[in-house]
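So for the sequence shown, the working numbering puts the first residue at 7; every next one is plus one.
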Amino acid sequence: MAFAMPTKTFIARTWQEALLMVKAELGDGAVILTSASRAARPGQPEQVEITASNELDAVARGKPSTGGAARQLARVYGKTQPTPVPTGAGGTLERELGELKELVRGLSLRTDLAQSRDFEPPLRALAARMQMLGFSPERTGQVCSLVGKAGSEAEAMAQAVDAVAGMMPVGGPISAVAAQCRVVALVGPTGVGKTTTLSKLAASFKVAAKARIGVITVDTYRLGATEQLRTLAGILEVPVRIVMTPGEIQAALRELRECDLVFIDTAGRSPKDAMRMNELRAFMLAAQPDETHFVFPATHHPRQVHAAIEKFGAGVGRLVLTKLDEAAALGPALDIVLGAGKPLSYITTGQNIPGDIEVADSHRLARLLLGLDELSPGPQI
């Protein structure tokens with residue numbers, strides 16, 4: 007028998023702000039019932055409106071039955087299909103519409119969950135928490151299907167940590183080999199944090215491992231990036247080379263051959279800019295790096311990562327997930343990592359150099375995504 011849920015309406019400038027308001031007011035048990043855009047008044051920006059309820063309070067009035075919860079969650083969530091990646095000139099609007107469609111699709115699933123009395127309370131609470139933390143409905147169902155019979159919410163959460171950790175591929179840190187110069191390149195779209203990540207890595211290996219470090223930058227499009235590396239090089243007393251052509255990068259590598267690690271900082275490229283992508287490939291072909299790490303932020307939509315990483319070529323071996331501290335929710339990071347199809351090497355959790363970077367650990371990341379750990383302090387390099 008259906009039951010009524012007390013609701014509350016939230017109005018904000020953006021979907022992100024509205025969702026944060028929902029979480030702050032109703033907590034991890036919130037379920038979003040409706041969402042809509044509000045027409046803007048003259049001279050005022052458009053607003054969004056979300057109606058939500060606390061599903062845990064609501065379902066507590068029903069009598070949940072036991073057994074088969076994982077199978078039912080997998081059945082409910084498993085029927086959904088991913089929204090296609092938008093292309094063309096109207097990409098921004100199409101992307102927003104696509105994300106809204108995903109939101110609406112997720113809303114119906116969350117409402118089904120909130121109104122169902124067929125799920126055991128610990129599993130229902132876990133699913134509600136995951137949805138509130140931004141996990142996709144599909145991923146929520148997948149994790150819940152891996153959770154066995156749990157007598158409490160804490161037990162269900164512990165199993166969920168193991169399940170998420172088991173899904174998270176990690177590839178280990180950069181390997182420094184004695185008496186060998188290792189070349190490590192960082193590539194990725196514009197604005198994902200490549201230069202800052204390189205600075206953290208260079209400083210960490212220089213200070214903690216006492217490694218001899220060299221830096222090469224081919225990011226000649228952004229004066230700020232070059233100056234940042236020059237400043238870091240001066241502080242750490244490491245050589246930095248600025249190159250303009252693939253031929254120059256080979257000469258720079260010869261000059262730095264006595265270093266233990268040489269980091270290559272590349273300019274951010276749009277995957278849609280064929281000319282710039284070909285230019286990057288020419289640099290990488292000339293450099294022949296031992297390791298290439300694809301840098302991607304937790305603030306981007308998971309749908310963007312697969313298309314982007316394909317454009318950057320087969321040489322990419324591992325993923326660096328950045329800007330966890332700037333993400334409104336960390337649940338989508340699981341889809342980013344799985345969508346990349348590459349093992350995770352590092353995560354970054356702030357702007358501090360050389361801190362705020364960690365070697366990727368599957369259980370640590372699972373606890374972060376599930377809201378059980380703080381972003382800092384954490385185990386550093």
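Ideal Cβ placement from N, Cα and C applies to all residues, glycine included.
Any idea which residues DSSP pairs Pro-303 with across the strands?
Thr-328
With Glu-161 as the anchor, note down where its alpha helix (DSSP H) starts and where it stops.
159-173
Alpha-carbon to alpha-carbon, Met-174 and Arg-373
12 Å
Residues in its own chain within less than 6 Å of Leu-132 by CB, not counting five upstream and five downstream?
Ala-162 and Ala-166
Bridge partner(s) assigned by DSSP for Asp-379
Paired residues: none, contrary to the question.
Alpha-carbon spacing of Lys-348 relative to Ala-314, whole angstroms
13 Å
From Ala-182, Pro-195 and His-299, residue whose alpha carbon lies closest to that of Leu-204
His-299
Rank Ala-346, Ala-335 and Thr-355 by C-alpha distance to the C-alpha of Ala-30 and give the top, closest one.
Ala-335
Ser-158 classed as buried or exposed, judged by whether at least 16 other C-beta atoms fall within 10 angstroms
exposed
Give the straight-line distance between the Cα atoms of Asp-367 and Asp-379, rounded to the nearest whole angstrom.
13 Å
Flag this pair as yes or no: are the beta carbons of Leu-242 and Ile-222 separated by less than 8 Å?
no
Close-in-space but distant-in-sequence residues of the same chain around Glu-261 (CB under 7 Å, 5 per side omitted):
Arg-247
Tell me whether the beta-carbon of Pro-295 lies closer than 8 Å to the beta-carbon of Ala-191.
yes
Cβ neighbour criterion (16 or more within 10 Å) applied to Ala-213:
One point to set straight first is that residue 213 is Val, not Ala, in the sequence displayed. Classification for Val-213: exposed.
Helix or strand or just coil, what does DSSP make of Gln-53?
strand
Apply the 10 Å Cβ neighbour rule to Arg-324 and answer buried if 16 or more other Cβ atoms are within range, or exposed otherwise.
buried
Under the DSSP definition of a beta bridge, which residues are partnered with Ala-18?
Val-54
Give me, in chain order, the residues of the same chain whose beta-carbon lies closer than 8 Å to that of Leu-381; leave out the 5 immediate sequence neighbours on both sides.
Leu-330, Asp-331, Thr-355, Gly-356 and Leu-374
For Leu-238 and Ala-208, believed in contact at Cβ under 8 Å, the rounded distance:
7 Å
CA-CA distance, Thr-328 and Gly-197?
11 Å
In three-state DSSP terms, what is Glu-126?
coil
Own chain residues within Cβ distance below 8 Å of Leu-139, not counting five before or after
Asp-34, Ala-335, Leu-336, Gly-337, Leu-375, Leu-376 and Gly-377
Val-311 vs Ile-353 beta-carbon contact at 8 Å:
no
Per DSSP, the bridge partner or partners of Leu-350
Val-176 and Leu-325
Can you tell me whether Ile-56 is buried or exposed, with buried defined as 16 or more other CB within 10 angstroms of its CB?
buried
Could you round the C-beta distance between Ala-217 and Asp-266 to whole angstroms and report it? I think they count as a contact, below 8 Å.
4 Å
For Ala-344 versus Val-193, is the C-beta spacing smaller than 8 Å?
Reading the sequence as shown, one finds Leu at residue 344 and not Ala. The answer is no: Cβ separation not under 8 Å.
Gln-256 versus Val-224, Ala-346 and Arg-236, residue with shortest Cα-Cα distance
Val-224
Residue burial classification, Met-250 (beta-carbon count within 10 angstroms, cutoff 16):
exposed
Ordered along the chain, which non-local residues of its own chain (more than five positions away) have a Cβ less than 8 Å from that of Arg-412?
The chain is shown only over 7 to 387; residue 412 falls outside these bounds and no answer can be derived.
Separation of Leu-350 from Gly-154, as counted between CA atoms:
27 Å
Starting from Phe-289, follow the alpha helix (DSSP H) in both directions and report where the run begins and ends.
280-293
Excluding five sequence neighbours on each side, which residues of the same chain lie with their C-beta closer than 8 Å to the C-beta of Ala-292?
Pro-252, Gly-253, Ile-255 and Gln-256
Going by DSSP, what residue range makes up the alpha helix (DSSP H) through Arg-309?
309-317
What is the DSSP secondary structure of Leu-192, reduced to helix, strand or coil?
strand
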